[in-house]
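Step one of this worksheet: look at the structure below.
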Amino acid sequence: MLMPEQKSSLTQRECEVLALLAKGKRNSEIAETLGITENTVETHLKNIFRKVGTSNRVQAATYYNHTAKTDPEN
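Counting with numbering that gives the first Met the number 0, you get residues 0 to 73 for the letters of the sequence shown.
This is the structure:
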């Protein structure tokens with residue numbers, strides 16, 4: 000479980016990428032939705048994985064879904 004200061008270290012854009020990832024979107028779909036390149040999406044995902052302590056998309060999506068259900072700010 001992340002401490003509050005770790006969770007708040009995600010940027011707004013990283014939160015947007017994570018939300019789309021949790022909805023099952025592919026990198027190309029995330030890029031198109033946010034108007035960024037797939038390389039930028041990959042960079043955001045690497046940063047997200049590092050910040051939330053996960054190593055893959057499934058773990059990050061699970062983290063997001065758990066946090067969204069338990070955090071009234073989400």
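For every residue, glycine included, the Cβ atom is placed at its ideal position computed from N, Cα and C.
- Measuring C-alpha to C-alpha distances from E37 to each of N55, F48, R25 identifies R25 as the nearest.
- Per DSSP, N38 is one residue of the alpha helix (DSSP H) stretching across 37-51.
- DSSP places R12 inside the alpha helix (DSSP H), whose first and last residues are 11-21.
- For N26, the uninterrupted alpha helix (DSSP H) run begins and ends at 26-33, by DSSP.
- In this structure, the CA atom of L17 is about 13 Å from the CA atom of T32.
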